[in-house]
Amino acid sequence: MTRPATRRTRTGGDHRLGARPGEVIDRSRTIEFRWNGVTHTAHPGDTIASALAAAGVRLFARSYKYHRPRGLLTADIFDPGAILQVGDEPNVRAAHRLVEPGMDVRSQNTWPSLRYDVKAVNQLAGRFLATGFYYKTFIKPERLWPTYEKVLRRFVHAGEVSADSEQPYFDKRYAHPDVLVAGGGPAGLAAAVAAAKAGASVMLVEQEHQLGGHLRWGDAEDLRLRDELVAAVEAEANIEVLTDSVVAARYDDNWMAVVQRGLPHVAERLVKARAGTLVVAAGLIERPYVFAGNDLPGVMLSTAVRRLLNLYAVRPGRRAVVFTANPEGDAAAADLRAAGVDVVEVDARHGRTVVRATGRGGVEAVELSDGSRIECDLLVVAAGWTAPTSLLNMSGANPVYRPDAARFVPDPAATPDGVIAVGGIAGDGTREELVAQATAAGTEAAARALALAASRPGIGGTPAPARDAVAVPQLGLRHHPELFFALSTGGFVDMSEDVSAKDILTAVKEGYDSSELVKRYTTATMGPAQGKLETVNTVALVAHATGKTIAETGATTWRPMYTPITLGALAGRKFEPIRHSPMQPWHESRGATPLIAGQWVRPEHYGDPAAEVRNVRTGVGIIDVTPIGKLDLQGPDVPKLLNLLYVNKWSKLGIGRVRYGVMCAEDGVVLDDGVTGRLAEFHYLMSTTSSGAGTVWEWAENWLQTERPDWQVHVTPVTTAFASINVAGPRSRELLARLTDVDLDNAAFGYMNVRTGTVAGVEDCVLWRIGFTGELSYELHVPASYGLHVWETLMATGADLGIAPFGVEAQRILRLEKGHFIVGQDTDGLTKAYSAGLDWAVKLDKSDFAGKPELAWQAERGEHPKLVGIRPLDASVVPEEASQIISEGGYIVGRITSSRMSPTLGHPICLGQVDAHLADPGTRLTVRLRNGSDTTVEVTAGHAHFDPEGERQRV
Numbered sequence: 016m017t018r019p020a021t022r023r024t025r026t027g028g029d030h031r032l033g034a035r036p037g038e039v040i041d042r043s044r045t046i047e048f049r050w051n052g053v054t055h056t057a058h059p060g061d062t063i064a065s066a067l068a069a070a071g072v073r074l075f076a077r078s079y080k081y082h083r084p085r086g087l088l089t090a091d092i093f094d095p096g097a098i099l100q101v102g103d104e105p106n107v108r109a110a111h112r113l114v115e116p117g118m119d120v121r122s123q124n125t126w127p128s129l130r131y132d133v134k135a136v137n138q139l140a141g142r143f144l145a146t147g148f149y150y151k152t153f154i155k156p157e158r159l160w161p162t163y164e165k166v167l168r169r170f171v172h173a174g175e176v177s178a179d180s181e182q183p184y185f186d187k188r189y190a191h192p193d194v195l196v197a198g199g200g201p202a203g204l205a206a207a208v209a210a211a212k213a214g215a216s217v218m219l220v221e222q223e224h225q226l227g228g229h230l231r232w233g234d235a236e237d238l239r240l241r242d243e244l245v246a247a248v249e250a251e252a253n254i255e256v257l258t259d260s261v262v263a264a265r266y267d268d269n270w271m272a273v274v275q276r277g278l279p280h281v282a283e284r285l286v287k288a289r290a291g292t293l294v295v296a297a298g299l300i301e302r303p304y305v306f307a308g309n310d311l312p313g314v315m316l317s318t319a320v321r322r323l324l325n326l327y328a329v330r331p332g333r334r335a336v337v338f339t340a341n342p343e344g345d346a347a348a349a350d351l352r353a354a355g356v357d358v359v360e361v362d363a364r365h366g367r368t369v370v371r372a373t374g375r376g377g378v379e380a381v382e383l384s385d386g387s388r389i390e391c392d393l394l395v396v397a398a399g400w401t402a403p404t405s406l407l408n409m410s411g412a413n414p415v416y417r418p419d420a421a422r423f424v425p426d427p428a429a430t431p432d433g434v435i436a437v438g439g440i441a442g443d444g445t446r447e448e449l450v451a452q453a454t455a456a457g458t459e460a461a462a463r464a465l466a467l468a469a470s471r472p473g474i475g476g477t478p479a480p481a482r483d484a485v486a487v488p489q490l491g492l493r494h495h496p497e498l499f500f501a502l503s504t505g506g507f508v509d510m511s512e513d514v515s516a517k518d519i520l521t522a523v524k525e526g527y528d529s530s531e532l533v534k535r536y537t538t539a540t541m542g543p544a545q546g547k548l549e550t551v552n553t554v555a556l557v558a559h560a561t562g563k564t565i566a567e568t569g570a571t572t573w574r575p576m577y578t579p580i581t582l583g584a585l586a587g588r589k590f591e592p593i594r595h596s597p598m599q600p601w602h603e604s605r606g607a608t609p610l611i612a613g614q615w616v617r618p619e620h621y622g623d624p625a626a627e628v629r630n631v632r633t634g635v636g637i638i639d640v641t642p643i644g645k646l647d648l649q650g651p652d653v654p655k656l657l658n659l660l661y662v663n664k665w666s667k668l669g670i671g672r673v674r675y676g677v678m679c680a681e682d683g684v685v686l687d688d689g690v691t692g693r694l695a696e697f698h699y700l701m702s703t704t705s706s707g708a709g710t711v712w713e714w715a716e717n718w719l720q721t722e723r724p725d726w727q728v729h730v731t732p733v734t735t736a737f738a739s740i741n742v743a744g745p746r747s748r749e750l751l752a753r754l755t756d757v758d759l760d761n762a763a764f765g766y767m768n769v770r771t772g773t774v775a776g777v778e779d780c781v782l783w784r785i786g787f788t789g790e791l792s793y794e795l796h797v798p799a800s801y802g803l804h805v806w807e808t809l810m811a812t813g814a815d816l817g818i819a820p821f822g823v824e825a826q827r828i829l830r831l832e833k834g835h836f837i838v839g840q841d842t843d844g845l846t847k848a849y850s851a852g853l854d855w856a857v858k859l860d861k862s863d864f865a866g867k868p869e870l871a872w873q874a875e876r877g878e879h880p881k882l883v884g885i886r887p888l889d890a891s892v893v894p895e896e897a898s899q900i901i902s903e904g905g906y907i908v909g910r911i912t913s914s915r916m917s918p919t920l921g922h923p924i925c926l927g928q929v930d931a932h933l934a935d936p937g938t939r940l941t942v943r944l945r946n947g948s949d950t951t952v953e954v955t956a957g958h959a960h961f962d963p964e965g966e967r968q969r970v
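Going by this note's numbering, the sequence shown opens with residue 16, and the numbers climb by one from there.
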């Protein structure tokens with residue numbers, strides 16, 4: 016890689032140990048990355064956090080609210096003290112993300128530096144930022160809300176994203192494994208192998224970068240078993256392994272969301288998996304202990320220490336106090352001694368506990384319950400475990416609390432048949448007992464999944480024969496002391512959200528006396544770790560404050576998602592095809608300004624929209640309207656469908672006639688509008704708005720397939736089968752007569768009629784005589800492959816008539832002059848038909864149509880906003896669209912929906928929505944402009960500002 020001329024470089028120094036049996040780093044290579052501007056070295060396989068720890072870094076971040084110094088706590092994906100900015104990506108889990116060459120890693124929301132963060136002054140204001148601070152402070156006065164918002168925004172602890180950030184690629188796939196195993200520890204590996212050997216297809220999902228779970232940082236026998244189980248998995252062709260992935264959610268019938276990371280050129284992939292059986296092998300998560308100073312850099316869990324020592328060969332300190340209540344803590348002490356660390360053990364099983372850690376910027380000493388004080392730079396905590404039962408909770412099985420084990424455990428009686436819990440989450444045992452239990456469970460999981468598959472219609476179709484269930488051994492629970500908090504000294508319960516033990520107790524005193532209420536009032540368990548580290552301690556404090564047991568208090572509910580997931584992964588692939596008409600090359604060659612309208616690229620104008628408008632009003636112009644939605648309707652029951660979809664009547668539409676129609680959703684809100692023409696006895700052509708083509712097609716099919724399957728109607732989308740051209744202007748008949756065999760005489764082909772014929776030598780063209788522009792006009796729909804030919808022929812033939820193309824902007828001006836509204840611009844998601852001025856179209860005497868009950872109610876009530884024509888009194892002011900219409904008291908009473916300067920009339924014109932009592936013609940209104948000034952406008956007699964009688968389009 017290219018190196019700068021001058022730089023500061025730091026390497027691992029003596030914090031990097033010699034080779035370890037289970038290490039995952041590649042010592043044969045080194046890579047460089049930057050941390051807050053300083054270049055560091057790492058080995059492939061290092062996480063960002065392990066590489067920095069190897070370089071002696073203890074301070075990684077500042078806390079959310081008080082900006083207290085934070086270091087590594089868990090050294091895994093849940094670590095609340097190692098959430099960093101990497102390049103333009105915020106909130107990166109540095110204890111999980113692998114180092115890559117050239118990474119630019121920075122601390123988040125620190126200024127001027129991580130070490131000297133001025134926002135740490137918040138610690139001095141801690142008593143003013145107590146429980147419910149936001150709720151209590153930001154209620155009144157309302158006028159200060161904008162100020163509060165500005166201040167709070169400066170304290171948001173969420174990193175930065177550049178406006179021109181490169182967008183990563185996200186992917187999606189579907190999978191249908193017989194068995195899905197969540198967790199790749201010893202139990203998950205054994206269950207996967209057993210299920211595969213029983214004939215099932217298996218998806219094995221592991222959150223870490225390697226398989227093996229806690230075996231990876233264990234002793235020689237642990238490593239031997241890991242190698243044996245991983246080799247067995249690799250030998251089974253029926254097992255698909257997803258590492259650096261997580262089962263984020265489980266829904267009904269084992270429909271699961273799996274987030275897959277670490278793929279080349281893919282940021283995240285969302286795998287939507289339908290499994291026959293779910294095997295939950297999530298293991299256990301080590302639980303922090305709550306005491307004063309428990310968030311200081313240098314306070315780590317025993318699993319974090321063993322990860323650093325044995326996976327990354329990093330010594331996390333020189334003199335350690337190990338506070339242990341279980342064999343895992345004892346193993347951490349042994350590993351530290353083997354690494355040359357001076358260790359003092361404090362055994363909770365003998366009654367001694369830690370009550371306080373002290374130090375400036377990191378641990379320097381520990382105070383014990385017996386009053387003694389021990390100097391150290393590392394405090395290791397092994398105080399208990401949390402069973403991550405979220406997938407079981409999502410299955411409907413709430414955990415039960417076992418005081419003898421000091422943790423919540425799954426309830427086998429409440430677990431559905433399609434879900435099996437195995438390994439540490441289900442109970443305790445030796446390596447051999449865990450593997451034996453998981454092996455039996457994997458075999459049973461395969462049997463259940465294969466029996467389910469055999470009974471599905473279209474696959475087997477018959478119930479599977481009766482079988483004897485595989486006996487799955489029950490794991491016992493090892494006794495563990497209940498260690499949650501040192502109440503006398505306080506400490507932090509949720510280090511992601513800076514929620515202290517005092518905050519929890521205060522919330523209970525203020526009446527929030529359940530774990531669910533405390534969670535919402537204090538935000539405990541609502542941070543990035545989503546309760547995996549905090550839930551049990553929170554519940555224990557609530558229980559203590561209310562005088563209840565932990566079992567009586569109960570845990571909060573874990574809902575999807577189990578772990579944070581990017582919005583990009585939820586959105587999936589970018590399905591954004593670029594669509595354009597066959598005439599697009601012509602538009603580009605003439606310098607048309609492109610307009611992105613949904614998926615379509617259209618010509619907005621050809622240089623001067625006002626001149627284009629004047630040319631249509633005085634001569635002839637053509638516009639490319641190919642994006643207009645077009646549906647071919649055939650069958651004897653088409654009138655029934657039209658009567659159901661549209662608010663107006665269609666039974667008597669004659670052959671060769673066209674009618675305008677409006678569709679409403681079932682809530683009466685305007686859905687779409689367009690015209691439909693009857694080409695033959697059982698053949699119709701429907702047009703929709705450009706943006707509504709897909710929606711209307713789905714709307715029609717939904718009614719036909721779910722409510723009216725007996726109707727004989729075929730709906731075929733033909734939007735791209737035709738190129739569409741609107742020929743508009745007083746001389747449009749003269750031009751088109753030169754190119755078609757259709758009789759264009761007004762008596763033969765009047766307004767709102769449709770004909771088929773030949774245009775420019777092209778057969779099977781559809782000609783509509785309609786008038787969106789307010790002029791004599793013909794809308795041509797020609798076979799798409801001939802679109803450019805017909806367009807160029809029109810331009811050449813009409814040269815002597817002064818023909819010119821016009822774009823979407825000119826069309827918008829023309830339709831606004833004529834008073835035609837646009838769905839989605841002059842209407843919104845609340846605009847019902849009567850509010851759009853469609854009283855004349857709504858036929859409540861029809862037996863039924865979509866939205867009728869709501870529209871009947873709206874008509875009866877009468878008090879609804881109305882769409883009106885508006886003319887500004889100041890001819891030099893064009894109110895911006897979306898400008899608010901205000902009353903004398905400053906209240907919002909409407910808005911401007913469309914506005915333009917009219918080239919035809921020489922003054923500004925508008926449409927707008929106003930309250931009903933302001934809709935009378937002649938009413939004067941005040942419009943608040945974007946710059947804060949006001950202008951006066953007047954309601955006109957109708958929507959149309961030009962040719963309100965429609966004489967020009969009927970000639």
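Built from N, CA and C at the ideal position, the CB exists for glycine as well.
Every value quoted in this text rests on a predicted model; they were computed, and no experiment measured them.
Using the DSSP secondary-structure output, state which residues sit across from Arg-284 in a beta bridge. Asp-186, Gln-275, per the DSSP bridge assignment.
Find the nearest neighbour of Gly-822 within the set Arg-617, Thr-537, Thr-125, judged by alpha-carbon distance. Minimum Cα-Cα distance from Gly-822 among the listed residues Arg-617, Thr-537, Thr-125 corresponds to Arg-617.
Identify the residues that DSSP records as bridge partners of Thr-731: which are they? In the DSSP output, where bridge partners are listed per residue, Thr-731 has Asp-647.
Could you give the distance in angstroms between the alpha-carbon of His-729 and the alpha-carbon of Ile-638? Their Cα atoms are separated by approximately 30 Å.
Can you give the beta carbon distance from Gly-457 to Ala-207, rounded, assuming they're within the 8 Å contact cut? That pair is a contact at about 6 Å.
How many Å lie between Pro-868 and Leu-659 at the Cα? Approximately 13 Å, taken between the alpha carbons.
If contacts are defined as beta-carbon pairs under 8 Å, then Lys-833 and Asp-962 qualify, I think. What distance do you get, rounded to the angstrom? Between Asp-962 and Lys-833 the Cβ distance is about 7 Å, and since that is below 8 Å, they are a contact.
What's the C-alpha gap between Tyr-793 and Ser-747? Distance between the alpha carbons of Tyr-793 and Ser-747 is about 7 Å.
Contained alpha helix (DSSP H) runs [length at least 4] in the segment 211-272, N- to C-terminal order: Fully enclosed alpha helix (DSSP H) runs of 4 or longer: 235-249.
Exposed unless 16 or more other CB atoms sit within 10 angstroms - verdict on Arg-876: Answer is exposed; the Cβ neighbour count stays below 16.
Nearest neighbour of Val-508, chosen from Leu-750, Arg-241, Ala-76, Arg-302 [CA to CA]: Cα-wise, what sits closest to Val-508 is Arg-302.
Does Lys-645 pass the burial test, meaning 16 or more other C-beta atoms within 10 Å, or should it be called exposed? Buried, because 16 or more other Cβ atoms sit within 10 Å of the Cβ of Lys-645.
When the Cα of Glu-713 is compared with those of Asp-687, Val-551, Arg-321, Val-640, which residue comes out closest? If we check each option's Cα against that of Glu-713, Asp-687 comes out closest.
In the DSSP assignment, find the unbroken beta strand (DSSP E) run with Met-315 in it and report its ends. Taken as a continuous stretch (DSSP letters only), the beta strand (DSSP E) holding Met-315 covers 314-316.
Residues bridged to Gly-689 by DSSP? Note: Gly-689 sits in a beta bridge opposite Gly-676.
Check whether the Cβ atoms of Gln-873 and Arg-943 sit closer than 9 Å, and answer yes or no. Against a cut-off of 9 Å, the Cβ pair of Arg-943 and Gln-873 comes out as no contact.
Give me the Cβ distance between Gln-452 and Gly-444, rounded to the nearest whole Å; I'm assuming they're in contact under 8 Å. About 7 Å; that satisfies the 8 Å criterion.
Boundaries (first-last residue) of the beta strand (DSSP E) holding Pro-798: Bounds of the beta strand (DSSP E) holding Pro-798 are 792-798.
Limits of the unbroken alpha helix (DSSP H) element including Met-409: Bounds of the alpha helix (DSSP H) holding Met-409 are 405-409.
Are there 16 or more other CB atoms within 10 angstroms of the CB of Trp-783, so buried, or fewer, so exposed? With 16 or more other Cβ atoms within 10 Å, it is buried.
Residue range of the beta strand (DSSP E) that includes His-620: Looking at the DSSP string, the run of the beta strand (DSSP E) that includes His-620 is 615-620.
Cβ pair Pro-201, Gly-228 closer than 9 Å: It is a contact, given that the beta carbons lie within the stated cut-off.
For Gly-506 and Leu-394, the rounded distance between their alpha carbons: Roughly 15 Å separates the two Cα atoms.
Using DSSP bridges, identify the partner residues of Lys-80. According to DSSP, Lys-80 bridges with nothing at all.
Got a sec? Which residues, its chain only, sit under 7 Å from Arg-276 by beta carbon, not counting five neighbours each side? Only Asp-259, Ser-260, Glu-283 meet the Cβ criterion.
Please report how far the alpha carbon of Pro-887 lies from the alpha carbon of Leu-926, in whole angstroms. Looking at the two C-alpha atoms, the distance is approximately 11 Å.
Tell me, please, which residues DSSP counts as bridged to Met-701. In the DSSP assignment, Met-701 is bridged to Leu-646, Thr-691.
Separation of Phe-737 from Thr-641, as counted between CA atoms: Using only the alpha carbons, I get a separation of about 7 Å.
Only counting the same chain, and skipping five residues up and downstream in sequence, which positions put a Cβ closer than 7 Å to that of Glu-531? Same-chain partners within the cutoff: Thr-571.
Does DSSP put Leu-816 in a helix, in a strand, or in coil? Residue state, collapsed to three classes: helix.
What first and last residue would you give for the alpha helix (DSSP H) that runs through Arg-971? This structure gives no information on residue 971, because the portion of the chain shown stretches from 16 to 970.
Three-state secondary structure assigned by DSSP to Gln-599: Gln-599: helix per DSSP, three-state reduction.
Just to confirm the assignment: which complete alpha helix (DSSP H) runs, minimum length 4, are found wholly within the segment 560-602? Within the segment 560-602, the complete alpha helix (DSSP H) runs of at least 4 residues are 565-568, 582-586.
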